[in-house]
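Under the UniProt record's numbering, the first residue of the sequence shown is numbered 1, with each subsequent residue one higher.
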Amino acid sequence: GIPSIDLSFSQSLGPYGVYHSIYDSYTWIESQVDPDYKYHTTMAKILTFVITDFSDKQLLPMSLTDLGSALEQYVDTIEKKDHKHKLDLTPLRKSSHKFHEAA
């Protein structure tokens with residue numbers, strides 16, 4: 001696993017339909033979303049704090065046990081959603097289980 005972070009602010013209004021479209025632009029942000037860039041500035045401050053905090057640590061707070069658990073849950077989710085292709089997930093299931101046990 002690769003440690004990563006994804007932070008965002010949302011209004012819980014569901015998908016807004018502009019993300020990654022031709023309308024997702026600085027003009028739209030300035031006129032509709034964050035005219036004074038208050039949210040963007042706040043997020044930059046939060047990320048600066050988090051990155052600075054992580055850079056001072058000798059070890060990143062990453063739990064391989066939690067990762068192993070998540071991998072097994074992902075395999076379960078794929079299996080439950082795969083109604084069309086009927087993928088053989090046996091090798092993936094064995095590998096994720098082996099990883100989880102070793103963690």
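Yeah, the Cβ is synthetic: ideal placement off N, Cα and C, and Gly gets one too.
Contact between Ser96 and Glu72 holds, with the beta-carbon distance rounding to 5 Å and staying under 8 Å.
Secondary structure at Ser96: helix, using DSSP grouped into helix, strand and coil. Going by DSSP, Ile2 is part of no alpha helix (DSSP H) at all; its letter is neither H nor E. When only Cα atoms are considered, Ser55 and Ser21 end up about 35 Å apart.
About 15 Å separates the CB atoms of Leu60 and Ala103; that is not less than 8 Å, and the two are not in contact.
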